[in-house]
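Below is one structure, written out as structure tokens; the observations come after it.
Residue numbers (my numbering): 101 to 655.
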């Protein structure tokens with residue numbers, strides 16, 4: 101099949117350059133100057149740039165890729181439309197590195213000048229302030245709008261005339277994403293994310309890309325051999341869907357004692373290589389949700405209030421234009437691009453030689469606040485992908501239970517193959533895995549507070565958590581000893597006084613797993629039995645646990 105996406109990308113760039121319509125190689129400050137001149141873009145009292153996007157979230161219902169949904173005439177026409185509409189515009193070409201540049205990956209964003217705020221936000225997120233032009237970008241991401249754009253503003257997301265298409269390619273350089281009628285910074289960021297997801301697994305074949313940030317802590321940890329505390333490095337990956345607490349978990353210090361240190365390596369995604377190493381992909385900054393951003397997250401709040409931030413869909417007062425992160429009347433999906441430079445906890449490096457732990461985030465009142473997983477259980481947990489929808493993915497479904505394979509809506513191709521690569525990596529490198537509930541817990545839906553979660557992760561890093569030898573009714577090993585966290589609020593099943601209600605909830609939950617598993621194996625093949633059976637997915641599994649371990653008695 102002709103690669104009409106790549107041809108369109110090259111033609112748009114070369115025509116604009118030949119006709120004197122191309123803007124490229126600008127510094128961050130120059131992009132800021134151009135952005136502020138555009139309609140609807142505000143310079144806040146702090147000096148930051150603020151603008152609203154259309155739509156105010158990713159356009160997941162309108163997005164497909166050519167691996168899972170073969171392209172045809174519709175996509176070829178989309179490429180021709182992009183060429184036609186952008187032939188009338190002055191074009192910004194923004195070239196940035198992906199990650200720290202050591203892998204030789206670069207991305208080119210093609211954006212109409214009238215939407216220069218997009219270029220500013222993406223430059224802030226992906227690169228250093230200096231100007232950059234690359235000769236042959238690995239990835240190209242194209243934004244354009246047509247006549248339907250204005251009318252879209254009055255429609256629900258599902259009804260908008262939007263088209264997001266990704267050509268994944270068979271080798272480096274063929275990756276192109278076209279975004280029609282979306283001016284959301286997240287489409288640019290997640291375009292890079294999805295191409296990295298595909299490159300690492302299918303093209304370079306160096307491991308897999310996880311929807312996971314990572315942190316590095318140097319802590320005094322008691323050593324059983326020397327029988328004294330030793331200063332040790334602990335690197336933990338944290339994986340979860342948007343709005344489950346990933347960034348907050350990664351951006352708080354555990355270091356309290358002399359010579360201890362804490363740093364955030366990356367907050368959203370990175371490569372987990374076959375040797376167990378990790379590499380994040382955003383060199384410039386972080387793209388954080390601002391809903392609920394307050395003094396309880398001081399590091400992120402300071403960065404969001406700085407002159408270098410880009411605020412997207414955040415409530416701004418009338419002159420003197422002060423951001424109000426508490427006001428979510430516009431949308432719950434307010435965003436800020438904050439720089440690593442303004443985030444004190446940011447690591448100077450985007451890499452770690454190895455991960456010691458992976459913490460999987462979920463939100464489910466039947467799940468303990470923290471659970472220890474075997475490699476097989478961790479693989480199944482990622483396959484089930486149990487979490488909630490957020491305003492960043494599909495705002496009309498926000499808060500509802502959902503399953504997303506590997507908590508990563510951007511994985512494409514054979515999902516079973518993806519899962520088996522993960523299982524091989526964590527088993528080979530002895531990476532420990534845990535499941536953390538950051539939502540509510542128990543029959544009364546008590547909130548798992550940020551303080552509780554941070555206490556748990558701190559205890560985990562310092563090897564001060566102990567887990568049960570027998571599993572609970574969902575097959576998880578629950579905490580029985582801790583130091584900083586509140587143990588009485590960690591075991592979900594003890595917080596259900598009425599065991600019949602708990603039994604009914606578990607029955608319904610496992611029915612959902614059964615249905616999901618049947619569909620998954622029909623599409624991608626049979627999961628190896630020892631992995632599939634590691635977590636319960638049928639009601640009789642629960643009865644076996646009760647019989648074997650007498651965890652609860654409800655005859």
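Glycine included, C-beta positions come from ideal geometry on N, C-alpha and C.
Source: prediction; values computed, not measured.
**Item:** Residue range of the alpha helix (DSSP H) that includes residue 603
**Value:** Translated into the one-based positions of the chain shown, residue 603 becomes position 503. From DSSP, the alpha helix (DSSP H) with residue 603 extends over 599-624.
**Message:** Assuming the contact rule is C-beta atoms closer than 8 Å, residue 423 and residue 150 should be a hit. Round their C-beta distance to whole Å, please.
**Reply:** Within the chain shown, numbered from 1, the residue matching residue 423 stands at position 323. Within the chain shown, numbered from 1, the residue matching residue 150 stands at position 50. About 7 Å separates the two Cβ atoms, so the contact holds.
**Request:** Have a look at 571, 529, 465 and flag the residue whose alpha-carbon is nearest the alpha-carbon of residue 536.
**Result:** Counting from one through the chain shown, the residue named residue 536 turns up at place 436. When only C-alpha atoms are compared, the closest one is 465.
**Message:** Let's see if you can read the secondary structure: which residues bound the alpha helix (DSSP H) around residue 243?
**Reply:** In the chain shown, counting from the first residue as 1, residue 243 sits at position 143. Segment 239-244 is the beta strand (DSSP E) holding residue 243; no alpha helix (DSSP H) there.
**Message:** Applying the 10 Å Cβ sphere with the 16-neighbour rule, what's the burial state of residue 508?
**Reply:** On the chain shown, residue 508 is found 408 positions in, with the first residue counted as 1. By the neighbour-count rule (16 or more Cβ atoms within 10 Å), residue 508 is buried.
**Request:** Starting from the C-beta of residue 63, find all residues in its chain whose C-beta is less than 7 Å away, skip the five residues before and the five after it, and write them out in chain order.
**Result:** Residue numbering for the chain in the displayed model covers 101 to 655; residue 63 lies beyond these limits and cannot be assessed.
**Pair within 8 Å by beta-carbon distance, residue 204 and residue 296** = In the chain shown, counting from the first residue as 1, residue 204 sits at position 104. In the chain shown, counting from the first residue as 1, residue 296 sits at position 196. Contact: no.
**Message:** What residue range does the beta strand (DSSP E) around residue 656 cover?
**Reply:** Nothing can be reported for residue 656: it is not among the residues displayed for the chain, which extend from 101 to 655.
**Asked** Going by beta carbon distance, what residues of the same chain come within less than 6 Å of residue 161, once the five residues before and after it are set aside?
**Response** The count along the chain shown starts at 1 and reaches residue 161 at position 61. Setting aside the 5 residues that flank it on each side, residue 161 is surrounded in the same chain by 258, each with a C-beta closer than 6 Å to its C-beta; the list follows chain order.
**Bounding residues of the beta strand (DSSP E) (the contiguous stretch that carries residue 471)** = Here residue 471 refers to the residue found at position 371 of the chain shown. For residue 471, the uninterrupted beta strand (DSSP E) segment begins and ends at 470-473.
**Item:** Buried versus exposed, by CB contacts within 10 Å (16 or more), residue 420
**Value:** Taking the chain shown and counting its residues from 1, one reaches residue 420 at position 320. Burial call: exposed.
**Request:** Could you round the C-beta distance between residue 239 and residue 207 to whole angstroms and report it? I think they count as a contact, below 8 Å.
**Result:** On the chain shown, residue 239 is found 139 positions in, with the first residue counted as 1. On the chain shown, residue 207 is found 107 positions in, with the first residue counted as 1. The beta-carbon distance between residue 239 and residue 207, rounded to whole angstroms, is 4 Å. This is short enough to meet the 8 Å contact definition.
**Message:** Output needed for residue 393: all residues of its chain with C-beta closer than 7 Å, excluding positions within five of it in sequence on either side, in chain order.
**Reply:** Taking the chain shown and counting its residues from 1, the one referred to as residue 393 is at position 293. Excluding positions up to five away in sequence, the list reads 400, 401, 404, 425.
**Unbroken stretches of the beta strand (DSSP E), 3 residues or longer, contained in the stretch 200-224** = 206-212
**Prompt:** Are residue 593 and residue 587 closer than 8 Å when you measure CB to CB?
**Reply:** If you number the chain shown from 1, residue 593 lands on position 493. If you number the chain shown from 1, residue 587 lands on position 487. No, these two residues do not count as a Cβ contact at 8 Å.
**Touching by the beta-carbon criterion (3+ pairs, under 8 Å), the stretch 574-588 and the stretch 546-563** = yes
**Item:** Cβ contact (3+ pairs, closer than 8 Å) linking the stretch 367-387 and the stretch 301-316
**Value:** Yes: the two stretches touch, three or more of their Cβ pairs being nearer than 8 Å.
**Request:** Using 10 angstroms around the beta-carbon of residue 110, count the other beta-carbons present and answer buried if the total reaches 16, otherwise exposed.
**Result:** The residue given as residue 110 occupies position 10 in the chain shown. Counting Cβ neighbours within 10 Å, residue 110 comes out exposed, since fewer than 16 surround it.
**Request:** Could you tell me if residue 322 is buried or exposed, where buried requires 16 or more neighbouring beta carbons within 10 angstroms of its beta carbon?
**Result:** Residue mapping note: residue 322 aligns to position 222 of the chain shown, counting from 1. Its Cβ having fewer than 16 others within 10 Å, residue 322 is exposed.
**Request:** Indicate whether residue 534 and residue 627 have their beta-carbon atoms separated by less than 8 Å.
**Result:** Within the chain shown, numbered from 1, the residue matching residue 534 stands at position 434. Within the chain shown, numbered from 1, the residue matching residue 627 stands at position 527. Taking 8 Å as the Cβ cut-off, residue 534 and residue 627 do not qualify as a contacting pair.
**Asked** Is residue 574 buried or exposed, if buried means 16 or more other CB atoms sit within 10 Å of its CB?
**Response** In the chain shown, the residue the question calls residue 574 occupies position 474. By the 10 Å Cβ count, residue 574 comes out buried.
**Item:** alpha helix (DSSP H) segment containing residue 322, residue limits
**Value:** On the chain shown, residue 322 is found 222 positions in, with the first residue counted as 1. Residue 322 -> not in any alpha helix (DSSP H); beta strand (DSSP E) instead, spanning 312-323.
**Spatial distance of residue 485 from residue 506 (CA atoms)** = Numbered from 1 along the chain shown, position 385 holds the residue referred to as residue 485. Numbered from 1 along the chain shown, position 406 holds the residue referred to as residue 506. Those two C-alpha atoms are separated by around 5 Å.
**Prompt:** Thinking just about the alpha-carbon of each residue, which of 521, 480, 572, 468 is nearest to the one in residue 539?
**Reply:** Numbered from its first residue, the chain shown carries residue 539 at position 439. When only C-alpha atoms are compared, the closest one is 468.
**Message:** Just to confirm before moving on: does the CB-CB distance between residue 483 and residue 452 stay below 8 Å?
**Reply:** One-based indexing of the chain shown puts residue 483 at position 383. One-based indexing of the chain shown puts residue 452 at position 352. Using a Cβ distance threshold of 8 Å, residue 483 and residue 452 do not count as a contacting pair.
**Prompt:** Whole-angstrom Cβ separation of residue 365 and residue 447, contact assumed at under 8 Å?
**Reply:** Position 265 of the chain shown, counted from the first residue, corresponds to residue 365. Position 347 of the chain shown, counted from the first residue, corresponds to residue 447. Right, their Cβ atoms sit about 5 Å apart.
**Prompt:** Is there contact here, the stretch 371-385 with the stretch 428-444, by at least three beta-carbon pairs under 8 Å?
**Reply:** yes
**Asked** Is residue 342 helix, strand or coil by DSSP?
**Response** Counted from its first residue, the chain shown places residue 342 at position 242. Residue 342 falls in the coil class under three-state DSSP.
**Beta-carbon proximity check, residue 182 vs residue 244, cutoff 8 Å** = What you label residue 182 is simply residue 82 of the chain shown in a count that begins at 1. What you label residue 244 is simply residue 144 of the chain shown in a count that begins at 1. A contact, by the Cβ cut-off of 8 Å.
**Item:** residue 410 - containing beta strand (DSSP E), residue span
**Value:** As a first step, residue 410 is located in the chain shown; it is residue number 310 there, counting from the start. Counting along the chain, the beta strand (DSSP E) containing residue 410 begins and ends at 410-412.
**Request:** Using beta-carbon positions only, say whether residue 148 and residue 427 come within less than 8 Å of one another.
**Result:** The residue labelled residue 148 in the question sits at position 48 within the chain shown. The residue labelled residue 427 in the question sits at position 327 within the chain shown. Against a cut-off of 8 Å, the Cβ pair of residue 427 and residue 148 comes out as no contact.
**Item:** Candidates 305, 103, 123, 246, of which the one nearest residue 232 by Cα
**Value:** Stepping through the chain shown from its first residue, residue 232 is reached at position 132. When only C-alpha atoms are compared, the closest one is 123.
**Item:** Secondary structure of residue 596, DSSP reduced to three states
**Value:** For the purposes of this step, residue 596 is taken as residue 496 along the chain shown, with counting starting at 1. Looking at residue 596 - three-state DSSP - the assignment turns out to be coil, as it is neither helix nor strand.
**Message:** Buried or exposed, going by whether 16 or more other CB atoms sit within 10 Å of the CB of residue 294?
**Reply:** Taking the first residue of the chain shown as 1, we reach residue 294 at position 194. Label assigned to residue 294: buried.
**Request:** Please go through the stretch 370-458 and give each complete beta strand (DSSP E) segment of 3 or more residues, from N-terminal end onward.
**Result:** Counting only runs of 3 or more, we get 370-373, 378-380, 385-389, 410-412, 435-439.
**Request:** Have a look at 410, 629, 478 and flag the residue whose alpha-carbon is nearest the alpha-carbon of residue 218.
**Result:** The residue labelled residue 218 in the question sits at position 118 within the chain shown. Of 410, 629, 478, the residue nearest in Cα terms is 410.
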